[in-house]
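What follows is a set of notes on a single structure, which appears directly below.
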Amino acid sequence: AHLTLYSSISNNEGIALFLVDSGRKMFRKSYSRNTDWRNGLLRDMQVPANQLLRTDLAVVIADKFPRSKHHYLVLPFEDIDTIYELKPQHVPLLEEMKSLGVRMIDQLTDRSFKLADFRFGFHMGAKLHRLHLHVISQDFVSDRLSKCEQWNGYNTAYFMPFEDILKELKEKGKIARRSTALIDSLRHAPLVCNQCPDRFDTLGGLKSHLNGHWLEKSFEKLNVA
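With full-length UniProt numbering as the guide, the letters of the sequence shown map in order to residues 1 to 225.
This is how it looks when you write it as structure tokens:
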């Protein structure tokens, strides 16, 4: 469907979002502005200054708590909360979201980052309202990376690659809901570097190690240049 943002009305109580499809209102939802942190993305995606790229179907914003040097979110305007609400008709939407993520990388002024330096994926147990595709560089050099669970959110099977989600949706018509036990086990898994087999007992040790990888790659890029 051809979706465009129709209007947004906000006040001290909350924010109301509207979408239309060929002039017909598709849905209306009111979200509390102050009482539920899970609505943060719904607010952020509507602020023009936050919109790095957008089409009629989706928008790219920067993650407010980046876990790497480059961390972006691609969100659909359609009212989809999680991957578990996806249906076969959403395949073109997913492909559009991936395309927007690629375009975001292509327009980076930091030319030291290439497409191969990024991963695209969804969280298995996302808690924020509105489906969002993570586009994240694999350095994980960030002051915002402060908890082991945050690391495991991007470096275990908890981070579900875009292509895996797209394939499952095409083949099975939906995304099977993963168990709470699996989600919890992945979030509390041992800390393993994403660039070598090294394991760590503390996040501080892992982050120092990651900085070493980053410096090494930076020197390699300088030598190539």
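Note that beta-carbon positions come from the ideal geometry of N, C-alpha and C, so glycine has one too.
Small disclaimer: the values here were computed from a predicted structure and weren't measured.
Judged by pairs of C-beta atoms under 8 Å, the stretch 124–134 touches the stretch 58–78, as three or more such pairs exist. In the structure shown, Val192 falls within a strand segment according to DSSP collapsed to helix, strand and coil.
Leu41 and Leu93 do not touch by the CB rule: their CB atoms are close to 16 Å apart, not below 8 Å.
Fully contained in the UniProt domain "HIT" (38–146) are the following beta strand (DSSP E) runs of length 3 or more, in chain order: 58–62, 71–76, 118–123 and 133–137. Between the alpha carbons of Val102 and Ala116 lies a gap of roughly 10 Å.
When the five nearest sequence neighbours on each side are left out, the beta carbons in the same chain lying within less than 7 Å of the beta carbon of Arg144 are those of Phe65, Pro66 and Arg67, in order along the chain. Around the Cβ of Trp151, a 10 Å sphere holds 16 or more other Cβ atoms; the residue is buried. For Ala176, there is no enclosing alpha helix (DSSP H), as DSSP marks it with neither H nor E. Around the CB of Thr82, 16 or more other CB atoms lie within 10 Å, so the residue is classed as buried. Cα atoms of Tyr72 and Gln46: separation of roughly 15 Å, rounded to the nearest angstrom. Around Gln51, the same chain offers Met45, Val59, Val60 and Ile61 as residues with beta carbons nearer than 8 Å, after the five sequence neighbours per side are excluded.
Under the DSSP assignment, Tyr154 falls in the alpha helix (DSSP H) whose first and last residues are Cys148 to Asn155. Using a Cβ distance threshold of 7 Å, Met97 and Met124 do not count as a contacting pair. Taken atom to atom, the span from the alpha-carbon of Lys170 to that of Pro88 is near 6 Å.
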